[in-house]
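In the working numbering, the protein residues as written are 4 to 160.
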């Protein structure tokens with residue numbers, strides 16, 4: 004059963020443990036099987052975490068906090084999570100957030116710059132988008148403010 008699950012996609016040891024328990028396999032049977040799969044390299048939480056971070060950052064635009072939460076939910080150890088997220092520096096996270104906001108702003112109707120309610124609505128929407136993807140509140144506000152100003156300037160010309 005574990006091999007069938009692993010052919011679909013890489014999985015953490017905790018995910019496989021949960022599947023085996025759900026199917027009624029006792030720990031005295033599942034633990035040696037999982038140990039053997041780990042020994043031969045079919046289960047590797049470190050590699051899984053690195054692949055997960057790379058994939059979710061590129062495809063879903065997730066920030067560090069969201070990635071850490073997803074990995075915790077998958078049963079990855081805290082030290083492994085820290086190691087997988089260590090490659091993401093603040094500058095790279097900001098660049099990705101700016102890219103997400105720029106992409107969203109291209110489709111967004113900005114309205115009259117004098118209408119504070121409309122401007123606040125756009126700002127809240129964009130900050131909320133970044134917050135849901137795991138970016139910090141301060142980073143989200145900074146990025147949205149600067150990108151909103153840049154987009155207004157671009158549309159004015």
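The beta-carbon is built from N, C-alpha and C at its ideal position, and this holds for glycine as well.
Non-local C-beta neighbours of residue 144 in its own chain, meaning closer than 7 Å and more than five positions away in sequence, comprise 130, ordered along the chain. If one requires a minimum length of 4 residues, the alpha helix (DSSP H) runs lying completely within the stretch 19–101 are 30–42, 48–63, 67–76, 81–88, in chain order. By the neighbour-count criterion, in which 16 or more other beta carbons inside 10 Å mark a residue as buried, residue 71 falls on the buried side.
By alpha-carbon distance to residue 134, the top candidate from 9, 6, 65 is 65. In this structure, residue 69 sits away from residue 128, with a CB-CB distance that is not shorter than 8 Å.
Annotation: residue 4 is outside any alpha helix (DSSP H) and is labelled neither H nor E by DSSP. Judged by DSSP in its simplified three-state form, residue 12 adopts coil rather than helix or strand.
Residue 139 sits in coil when the DSSP states are folded into three classes, being neither helix nor strand. Contact fails between the stretch 104–115 and the stretch 70–84, because fewer than three Cβ pairs, one in each stretch, are under 8 Å apart. Here the alpha carbons of residue 149 and residue 140 stand approximately 14 Å from one another. For residue 45, the closest of 89, 14, 60 by C-alpha to C-alpha distance is 14. Per DSSP, reduced to three states, the secondary structure at residue 113 is coil, with no helix or strand assignment. In terms of Cα proximity to residue 104, the closest of 84, 147, 36 is 147.
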